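Here's the structure, in C-alpha cells; my notes come after.
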Amino acid sequence: MPTNLSDEISTTISASAVLKGLRKSKYTIWALFGVVIALFSLYAIVTDGFELFFTRLYDGLTNGFIYSAMAIALVLIYKATGVINFAQGSMAMLGTFVAYVLIVEQGVPTLLGILIAMALSALFGAGIERVLIRPFDPTNHLPITIITLGLFLGINAFAGLIWLYDPRAFPTPFPSGADDYFELFGARLRYDRLGIWIMVGLMFVLLTLLLRKTKAGLAFRSVSSSIESSRLVGINVGRTLQFGWALAAAVGTLAGCLIANTTLLEPNFMNRVLIFSFAAATLGGLDSIGGAVVGGLIVALVETMAGGYIDVIGSELAATTALAVIVVVLVVRPNGLYGSKRIERV
Amino acid sequence: MTTAALLRVAGLHASYGPIQVLHGIDLEVHAGEVVVVLGANGAGKTTTLRAVCHMVATKGVVELEGHSIAGTSTTDIARLGVAHVPQGRGTFIDLSVEENLIVGAFARKDKDIQADVASWYEVFPRLAERRLQQAGSLSGGEQQMLAVARAMMSRPKLLLLDEPSLGLAPMIVADLFERLGRLNREQGMTMLVVEQNANLAFDIASRAYVLEAGEVALSGRSDELRHDDAIRRAYLGY
Chain A
6 MPTNLSDEIS TTISASAVLK GLRKSKYTIW ALFGVVIALF SLYAIVTDGF
56 ELFFTRLYDG LTNGFIYSAM AIALVLIYKA TGVINFAQGS MAMLGTFVAY
106 VLIVEQGVPT LLGILIAMAL SALFGAGIER VLIRPFDPTN HLPITIITLG
156 LFLGINAFAG LIWLYDPRAF PTPFPSGADD YFELFGARLR YDRLGIWIMV
206 GLMFVLLTLL LRKTKAGLAF RSVSSSIESS RLVGINVGRT LQFGWALAAA
256 VGTLAGCLIA NTTLLEPNFM NRVLIFSFAA ATLGGLDSIG GAVVGGLIVA
306 LVETMAGGYI DVIGSELAAT TALAVIVVVL VVRPNGLYGS KRIERV
Chain B
66 MTTAALLRVA GLHASYGPIQ VLHGIDLEVH AGEVVVVLGA NGAGKTTTLR
116 AVCHMVATKG VVELEGHSIA GTSTTDIARL GVAHVPQGRG TFIDLSVEEN
166 LIVGAFARKD KDIQADVASW YEVFPRLAER RLQQAGSLSG GEQQMLAVAR
216 AMMSRPKLLL LDEPSLGLAP MIVADLFERL GRLNREQGMT MLVVEQNANL
266 AFDIASRAYV LEAGEVALSG RSDELRHDDA IRRAYLGY
C-alpha cells in the first residue's frame, strides 16, 4: 500500500510546505498591521488624551458592528446566490419600518417588535427568492443582479409612498437615558451602544452555530460550495437558497433596527450604511461571515480614527479614507482577508 | 435476463441547447452488475450519465426499477437511490472530509449515518486521517476515494461513476478499481461506469457498451468484447 501512495504522499508534503509559506506571509501582514495600529494609537493618545481616544474607539466599534451586521446579510446572499444583493438595504429599511409600526404605533415591546419584524422579513425574503429569483438559472448572475437593483428602487419608492420622507426616531430595547452609561478607560460607554455590540455578537454566534451544526446549515454550505453536487446528493437547491434569503432578510432587519436608533428612520436611511457594508463584506472576502465582522470593524475604525485624528482628512474625507484602505488591502489580498481561494484539482 | 432491469434506457436523446449529443441510446443495467460505457472523446459517455440523472435536456425512456424517471428532477432521482459521481468528482471543496461524507447521506432519515461514516473510514483510512481537513486540500486520488465514499453514504441502488481514473496516477487507478470491484463483489453494488481505461474497466465489468457519435455502436459481455479486434485496437492499444 505505501508504494501505491508514495507519489500522493509527496504531493501532500509539497502542498503543506506551500501552505506553511502562505501562513507565514499572513502573519507578517498581520504583524505589520499591528505595528501600524499600535503606533497610531500611541500618537492618538499622546496628542488628544486617553478619554477622547476611547470615546472614538467606542464610536468606531458601534459603527463597526452595525456595518458588520449588514455585511453578514450581504455575505449570506452572496454565498447562496453568488450575487451582491443591492436591495439588501431596502429590504432592511422595510423591515425596520414594520418594526416601527409594531413598536411605536401598536405599542409592542421593543425587543419583541424587532423579533417579529425579523420573522416577517424572513418570510418576505423567502417570497422574493421564490417569485423573483428562482425562475432564473442560479449560475447566471447578471439577471439576478439586475433584479436586486430593481428591488432596491421599487422598495424605496414603495416605502416613500406609505411613510413619506420625514425622519422618525426609532426606539432602542436598551436603557438609553442621559445617565445610562458607565466609564471604561476614562471614557463613557453607553448601555444602548454596548447593547448593539452584544446583539450583533449574539447574532453572529447563533448564525455560526446554525450554519455549522444543523442540517439546514450543512445544506446551505453545500449549495454555496457546488450547486450541481448538491443536487446529486439530493439537496433541494431552491429551498436551500430560499432559506439563505430568509436568513439574510432577518439579519438585515436586525441591522436596520439597530442602525435606525443611532440615525433616524426614513426610506433612504440605509443607503449610506449599505455602501460601507459592501466595503466591509468585500474586505472580509465576500463569502466569509467572520470576515464580514472583521471587515466591518476595520472600515468603521479607520473611518472614525482617521477622520478624528488626521486634520487633512477630517469628517469630509473619512469615508473615502476607509475605502482607500480597502483598495490597498485588496491589492495585497485579492480575495479579501478571509475569502476562500478557488483552487481545484483536476 | 428475466428480471426487470434496475436501470433501463431506451431511445434516449439528449442535447445541450441546439446541439444534439445522444441520438437514441439503448442500455440496461441489472441489479448486481457492473456495466461499463466506453467510447472516444465526444462520443456521449458523460452525457449518457448526465441524461440518466436529468442534468441535461432529454427525450426518451429512462426507467429505474420499472418506473419512469425521465421527467424527475436531479434532486429526486438522487433521493430515489441513484448516486452519481460526476467527472471532476464533485467534491464540496469548502467542506471538511467528514462533512462531505455526512452530506452524502443528506436524503437519509435513519440513525446509522455516523456508523456508516466510521465504516467508510475503515475502507479508506486515508480519509480518516484527514477527516477535519478541507476536502479541497486533498490530492486527486484522495478526492476520488472521498467521492466514492460520499456517493455510497446515500446507500444507493445504483452507482454512476464518470471517468473515475481521470487525472490519477496509474498505481492509484489500479488501487481504485480493485476497491470498486470489491464493492461490487462484497456488497453487490450495481454500477454504471464511464471509463477511458478499457483494460481496467473490463476487469470489473460484466458487460460493456461502446458509444460512437451518440449511438451504441457495440455491446456485449466484457470477456467477449475484450477479444474483439476492433475494440482491442481502439481502446486497449495492442
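Chains as they are written, first to last, in this note's numbering: chain A, 6 to 351; chain B, 66 to 303.
Note that the Cβ used here is the ideal one computed from N, Cα and C, for glycine as well.
All values reported here derive from a predicted model rather than from experimental measurement.
Separation of residue 219/A from residue 86/A, as counted between CA atoms: Between residue 86/A and residue 219/A, the alpha-carbon positions lie close to 20 angstroms from each other.
Tell me which same chain residues have a C-beta within less than 7 angstroms of the C-beta of residue 189/B, skipping the five on either side of it? The answer, listed in chain order, is 210 and 214.
Partners in chain A for residue 144/B, counting only beta-carbon separations shorter than 7 angstroms: Result: 239.
Rounded to the nearest angstrom, what separates residue 227/A and residue 235/A at their Cα positions? Answer to the nearest angstrom: the Cα atoms are 6 angstroms apart.
Report the neighbours of residue 403/A on chain B: residues whose CB is nearer than 8 angstroms to its CB, in chain order. In this structure chain A extends from 6 to 351, so residue 403/A is not present and cannot be described.
Would you mind stating whether residue 293/A and residue 341/A have Cβ atoms separated by less than 9 angstroms? Taking 9 angstroms as the cut-off, the Cβ atoms of residue 293/A and residue 341/A count as close.
With a floor of 3 residues, list each beta strand (DSSP E) that falls wholly inside the stretch 160–199 of chain A, ordered by position along the chain. Correct list: 186–189 and 192–195.
Bridge partners for residue 120/B per DSSP, in chain order? Listed as beta-bridge partners of residue 120/B by DSSP are no residues whatsoever.
Please name the residue, chosen from 61/A, 209/A, 152/A and 189/A, that lies closest to residue 92/A on a Cα-to-Cα basis. It is 152/A.
Hey, how far is the Cα of residue 296/B from the Cα of residue 263/B? Rounded to the nearest whole angstrom, the CA to CA distance from residue 296/B to residue 263/B is 9 angstroms.
How about residue 219/B: is its C-beta nearer than 9 angstroms to some C-beta of chain A? Cβ-Cβ to chain A under 9 angstroms: yes for residue 219/B.
Buried or exposed: which applies to residue 179/B, given that a residue is buried once 16 or more other Cβ atoms fall within 10 Å of its Cβ? By the 10 Å Cβ count, residue 179/B comes out exposed.
Listing by chain order, which chain B residues have their CB less than 9 angstroms from the CB of residue 224/A? Per Cβ cutoff of 9 angstroms: 168 and 171.
Quick one: complete alpha helix (DSSP H) runs, 4+ long, within the stretch 170–194 of chain B? Secondary structure in the stretch 170–194 of chain B: the alpha helix (DSSP H) runs of 4 residues or longer, each lying completely within the stretch, are 178–188 and 190–194 in chain order.
In chain order, what are the residue ranges of uninterrupted alpha helix (DSSP H) at least 4 long that sit wholly in the stretch 211–288 of chain B? Annotation: the stretch 211–288 of chain B contains the following complete segments of the alpha helix (DSSP H) (minimum length 4 residues), in chain order: 235–252 and 263–269.
Can you grab the Cα-Cα spacing for the pair residue 179/A / residue 54/A, in whole Å? The straight-line gap from Cα to Cα measures roughly 29 angstroms.
Does the Cβ-Cβ distance between residue 83/A and residue 335/A come in under 9 angstroms? Contact flag unset, no.
Mind checking if residue 128/B is an interface residue toward chain A, Cβ cutoff 9 angstroms exclusive? Taking CB atoms only, residue 128/B has no neighbour in chain A less than 9 angstroms away.
Please list the terminal residues of the continuous beta strand (DSSP E) segment that includes residue 93/B. The continuous beta strand (DSSP E) containing residue 93/B extends over residues 84–94.
What does a CB cutoff of less than 7 angstroms around residue 351/A pick up in its chain, not counting 5 residues either side in sequence? Only weak support exists for where residue 351/A lies, its pLDDT of 39 falling under 50; the value from the coordinates is given anyway. Contacts found: none.
Less than 8 angstroms between the CB atoms is what I'm expecting for residue 227/B and residue 111/B, so what's the real figure, rounded? Contact annotation, residue 227/B with residue 111/B: C-beta distance approximately 6 angstroms; criterion of less than 8 angstroms satisfied.
Counted within 10 angstroms of its Cβ, other Cβ atoms place residue 208/B as buried (16 or more) or exposed: Classification for residue 208/B: buried.
Could you tell me whether the stretch 249–261 of chain A touches the stretch 43–62 of chain A, where touching means 3 or more Cβ pairs closer than 8 angstroms? In this structure the stretch 249–261 of chain A does not touch the stretch 43–62 of chain A; the number of beta carbon pairs closer than 8 angstroms is below three.
Taking DSSP as the reference, what is the three-state secondary structure of residue 103/A? Residue state, collapsed to three classes: helix.
Got a sec? Which residues, its chain only, sit under 6 angstroms from residue 122/A by beta carbon, not counting five neighbours each side? The residues are 100, 103, 104 and 258.
Can you have a look at residue 106/B and say buried or exposed, based on whether 16 or more other CB atoms are within 10 angstroms of its CB? Exposed, by the Cβ-count rule.
Could you tell me which uninterrupted alpha helix (DSSP H) segments, each at least 4 residues in length, are contained entirely in the stretch 78–125 of chain A, listed from first to last along the chain? The stretch 78–125 of chain A contains these whole alpha helix (DSSP H) runs: 93–105.
For residue 117/B versus residue 95/B, is the C-beta spacing smaller than 9 angstroms? Not in contact: residue 117/B and residue 95/B (Cβ atoms no closer than 9 angstroms).
Residue of 122/B, 89/B, 115/B and 133/B minimising C-alpha distance to residue 69/B: With distances taken between Cα atoms, residue 69/B lies closest to 133/B.
Return the chain-ordered list of same chain residues with a C-beta closer than 6 angstroms to the C-beta of residue 8/A, the five sequence neighbours on each side being excluded. Residue placement at residue 8/A is flagged as unreliable, the pLDDT there being 44, under the threshold of 50; the coordinate-derived value follows with that caveat. Leaving aside the five residues that flank residue 8/A on each side, none in its chain has a CB nearer than 6 angstroms to its CB.
Just by C-beta distance, which residues in the stretch 46–65 of chain A are closer than 9 angstroms to chain B? So the list is empty, because no residue satisfies the distance condition.
Quick one: residues in its chain with C-beta nearer than 8 angstroms to the C-beta of residue 154/A, no 5 flanking neighbours on either side, listed in chain order? Hits under 8 angstroms: 91 and 92.
Can you give the Cα-Cα distance for residue 144/B and residue 280/B, rounded to whole angstroms? Near 29 angstroms, if we compare the C-alpha coordinates of residue 280/B and residue 144/B.
Could you tell me if residue 195/B is buried or exposed, where buried requires 16 or more neighbouring beta carbons within 10 angstroms of its beta carbon? So residue 195/B counts as buried.
Compare the C-alpha of residue 314/A against each of 169/A, 34/A, 38/A and 45/A and name the closest. Ranked by Cα distance from residue 314/A, the options 169/A, 34/A, 38/A and 45/A are led by 45/A.
Would you report the Cα separation of residue 160/B and residue 183/A, rounded to the nearest angstrom? Each residue's Cα considered, the two are about 49 angstroms apart.
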